[in-house]
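*Asks:*
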Amino acid sequence: MDFETVKENAENFEAAVYNRFELGIKCGKGATLLDFSGKEYIDFSSGIGVNIFGIADEGWIAAVTAQLKLIQHTCNLYYNEPASALVKLLCEKSGFKRAFLCNSGAEANECAIKVARKYWHDRHGEGKAEIITLKDSFHGRTVTTLSATGQGGMHKHFMPFTEGFLYAAPNDIDDLKSKISAATAAVMIEAVQGEGGVNALDKNYVQKIAELCGERDILLICDEIQCGNGRTGRLFGYMNFEVKPDIVTTAKGLGGGLPIGAALFNEKTEKVLGKGDHGSTFGGNPIAAAGAVEILSRLNDELLSEVIKKSDYMVSKLKKLDEIASVHGMGLMLGASLKTKKARDVAAECITEGLVVLTAKEKLRFLPPLNISYEEIDLGLEILSKVLSKQQ
Numbered sequence: 033m034d035f036e037t038v039k040e041n042a043e044n045f046e047a048a049v050y051n052r053f054e055l056g057i058k059c060g061k062g063a064t065l066l067d068f069s070g071k072e073y074i075d076f077s078s079g080i081g082v083n084i085f086g087i088a089d090e091g092w093i094a095a096v097t098a099q100l101k102l103i104q105h106t107c108n109l110y111y112n113e114p115a116s117a118l119v120k121l122l123c124e125k126s127g128f129k130r131a132f133l134c135n136s137g138a139e140a141n142e143c144a145i146k147v148a149r150k151y152w153h154d155r156h157g158e159g160k161a162e163i164i165t166l167k168d169s170f171h172g173r174t175v176t177t178l179s180a181t182g183q184g185g186m187h188k189h190f191m192p193f194t195e196g197f198l199y200a201a202p203n204d205i206d207d208l209k210s211k212i213s214a215a216t217a218a219v220m221i222e223a224v225q226g227e228g229g230v231n232a233l234d235k236n237y238v239q240k241i242a243e244l245c246g247e248r249d250i251l252l253i254c255d256e257i258q259c260g261n262g263r264t265g266r267l268f269g270y271m272n273f274e275v276k277p278d279i280v281t282t283a284k285g286l287g288g289g290l291p292i293g294a295a296l297f298n299e300k301t302e303k304v305l306g307k308g309d310h311g312s313t314f315g316g317n318p319i320a321a322a323g324a325v326e327i328l329s330r331l332n333d334e335l336l337s338e339v340i341k342k343s344d345y346m347v348s349k350l351k352k353l354d355e356i357a358s359v360h361g362m363g364l365m366l367g368a369s370l371k372t373k374k375a376r377d378v379a380a381e382c383i384t385e386g387l388v389v390l391t392a393k394e395k396l397r398f399l400p401p402l403n404i405s406y407e408e409i410d411l412g413l414e415i416l417s418k419v420l421s422k423q424q
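At position 19 of the sequence shown (counting the first as 1) the number is 51 in this note's numbering, and the numbers step up by one without a gap.
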């Protein structure tokens with residue numbers, strides 16, 4: 033199909049839930065995308081942090097293709113090798129005790145919420161089920177994870193929402209303390225709020241949360257859906273703050289392009305779920321798990337160190353652009369506030385010039401593949417500079 037046919041089919045038959053840009057992506061390699069006319073684009077989006085090693089990565093393709101030739105799916109009444117290897121690798125690299133595999137970040141967060149509430153139900157019965165999240169957080173689009181999301185503008189249309197969530201101001205420990213009560217089961221945070229504006233939490237604030245949770249025996253949940261899997265220069269974003277959560281959720285980059293999610297449990301939470309308490313038809317799918325094993329096995333110290341170097345390089349160059357007011361984020365999860373232009377307009381113009389960038393609220397958002405080259409970074413920033421220099 034040509035682009036017009038692809039667009040027409042989507043416009044006529046797909047649920048109209050996406051505010052799309054005028055771009056159809058046909059193929060690519062690494063951090064370079066191609067549209068249906070063959071035009072090239074530098075990719076500063078990686079599918080919203082999913083294609084962690086870019087498009088058509090050879091190692092990932094080989095792992096997935098090899099598994100395709102064996103078995104594409106088996107139910108969880110039986111064992112399969114890739115899922116077994118993946119949960120072991122996740123636990124060994126993170127230091128957690130057990131993992132639950134599912135299909136998305138929202139599902140992983142649903143699991144974390146269920147575990148937090150069952151943890152306290154098993155000990156105290158009803159009454160200790162409230163979870164504090166942060167304003168501007170984003171935890172998913174199911175009714176419950178949307179309820180957990182600390183963005184009032186999203187709490188409409190789908191009433192009644194799941195009860196039991198309170199929202200504290202980011203980086204304000206006193207406000208968080210004011211929300212804690214005898215009913216508090218957990219505090220749920222993102223090291224870097226992606227959809228909320230690429231806002232990195234303050235290290236001292238996160239450490240105070242961890243200390244507070246420890247003192248009051250409250251579970252700490254870290255949502256690493258977007259900021260995990262090497263994105264911040266550590267395996268998980270919370271590791272930059274030198275804390276240890278009770279539950280960690282991850283997805284997006286873990287699969288390298290296939291749907292996958294996981295919830296990790298420490299010593300306190302590893303035995304909360306028993307047989308029949310939770311499950312997933314496609315969780316631990318052999319193909320998705322095989323791809324995730326390939327991705328996770330390559331997130332070593334050398335690569336993570338290079339993520340930090342590339343981050344410093346991008347930040348220094350972004351700060352030199354006159355239109356950029358400030359740069360936020362961590363690692364290769366960066367956001368830029370603009371002085372006069374609208375982020376959506378800039379992102380659309382960047383596509384015209386051959387660069388794919390994202391937005392988050394009023395900011396530009398950059399999530400390039402972790403293995404993007406310095407040459408590709410330069411090319412992308414040259415395009416961005418050109419766009420930002422244009423007169424409105």
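Where a beta carbon is used, it is the ideal one built from N, C-alpha and C, also for glycine.
Treat the numbers as computed from the prediction; the structure is a model and nothing was measured.
Identify whether H171 lies in helix, strand or coil by the three-state DSSP scheme.
*Replies:* Within the sequence shown, numbered from 1, the residue matching residue 171 stands at position 139. H171: coil per DSSP, three-state reduction.
*Asks:* Could you have a look at Q239 and say whether DSSP puts it in helix, strand or coil?
*Replies:* Taking the sequence shown and counting its residues from 1, the one referred to as residue 239 is at position 207. Correct three-state label for Q239: helix.
*Asks:* Exposed or buried, which one is K307 when buried takes at least 16 other CB atoms within 10 Å?
*Replies:* Numbered from its first residue, the sequence shown carries residue 307 at position 275. Exposed, since its Cβ has fewer than 16 Cβ neighbours within 10 Å.
*Asks:* So does the segment 207 to 224 actually touch the segment 239 to 250, counting three or more Cβ pairs closer than 8 Å?
*Replies:* With the cut-off at 8 Å, the segment 207 to 224 and the segment 239 to 250 touch.
*Asks:* CA-CA distance, V224 and N236?
*Replies:* Taking the first residue of the sequence shown as 1, we reach residue 224 at position 192. Taking the first residue of the sequence shown as 1, we reach residue 236 at position 204. Those two C-alpha atoms are separated by around 14 Å.
*Asks:* Nearest to N108 by alpha carbon, out of L102, K101 and S116?
*Replies:* Translated into positions along the sequence shown, residue 108 becomes position 76. Cα-wise, what sits closest to N108 is S116.
*Asks:* Can at least three beta-carbon pairs, one atom from the segment 280 to 298 and one from the segment 134 to 144, be found at a separation below 8 Å?
*Replies:* In short, these stretches touch, since the Cβ pair count reaches three.
*Asks:* Can you tell me the Cα-Cα spacing of G311 and L133, whole angstroms?
*Replies:* The residue labelled residue 311 in the question sits at position 279 within the sequence shown. The residue labelled residue 133 in the question sits at position 101 within the sequence shown. Rounded to the nearest angstrom, the two C-alpha atoms are 9 Å apart.
*Asks:* Quick one: residues in its chain with C-beta nearer than 6 Å to the C-beta of S369, no 5 flanking neighbours on either side, listed in chain order?
*Replies:* Locating residue 369 in the sequence shown gives position 337, where the first residue counts as 1. Closer than 6 Å at the Cβ level, and outside the excluded window around S369, lie A357, S358 and K395.
*Asks:* Tell me which residues share the same chain as R138 and place their Cβ nearer than 7 Å to its Cβ, disregarding the 5 neighbours each side in the sequence.
*Replies:* As a working mapping, residue 138 is identified with position 106 in the sequence shown. Note that residue 138 is Ala in the sequence shown here, rather than Arg. Hits under 7 Å: G172, R173, T174 and T177.
*Asks:* Roughly how many angstroms separate the alpha carbons of Q183 and E195, rounded to a whole number?
*Replies:* Here residue 183 refers to the residue found at position 151 when the sequence shown is read from its first residue. Here residue 195 refers to the residue found at position 163 when the sequence shown is read from its first residue. Straight-line Cα distance between these residues: approximately 15 Å.
*Asks:* Who does S369 pair with in a DSSP beta bridge?
*Replies:* Stepping through the sequence shown from its first residue, residue 369 is reached at position 337. Answer is S358.
*Asks:* Could you work out which residue in N332, H156, N403 and G293 is closest to G316 when comparing CA atoms only?
*Replies:* In the sequence shown, residue 316 corresponds to position 284, counting from 1. For G316, the nearest C-alpha among the options comes from G293.
*Asks:* May I have the straight-line CA-CA distance separating L416 from K374, to the nearest angstrom?
*Replies:* Along the sequence shown, read from residue 1 onward, the residue named residue 416 stands at position 384. Along the sequence shown, read from residue 1 onward, the residue named residue 374 stands at position 342. Rounded to whole angstroms, L416 to K374 spans 13 Å at the Cα level.
*Asks:* Is the beta carbon of V238 closer than 7 Å to that of G367?
*Replies:* As a working note, residue 367 is residue 335 in the sequence shown. As a working note, residue 238 is residue 206 in the sequence shown. Cβ atoms of G367 and V238: not closer than 7 Å.
*Asks:* Does the structure place the segment 257 to 268 close enough to the segment 331 to 344 that three or more beta carbon pairs sit under 8 Å?
*Replies:* As far as the Cβ criterion goes, the segment 331 to 344 touches the segment 257 to 268, which means the pair count is three or higher.
*Asks:* In the segment 46 to 112, which residue ranges form an unbroken alpha helix (DSSP H) of at least 4 residues, counting only runs that do not cross its ends?
*Replies:* Those alpha helix (DSSP H) runs which fall completely within the segment 46 to 112 and span 4+ residues are 78 to 81 and 90 to 100.
*Asks:* Cβ of F68 within 6 Å of any heavy atom in the ligand MN?
*Replies:* Summarising the ligand content, the structure contains no ligands, and the ligand MN is consequently not present.
*Asks:* Give the straight-line distance between the Cα atoms of I383 and G287, rounded to the nearest whole angstrom.
*Replies:* The residue given as residue 383 occupies position 351 in the sequence shown. The residue given as residue 287 occupies position 255 in the sequence shown. Rounded to whole angstroms, I383 to G287 spans 26 Å at the Cα level.
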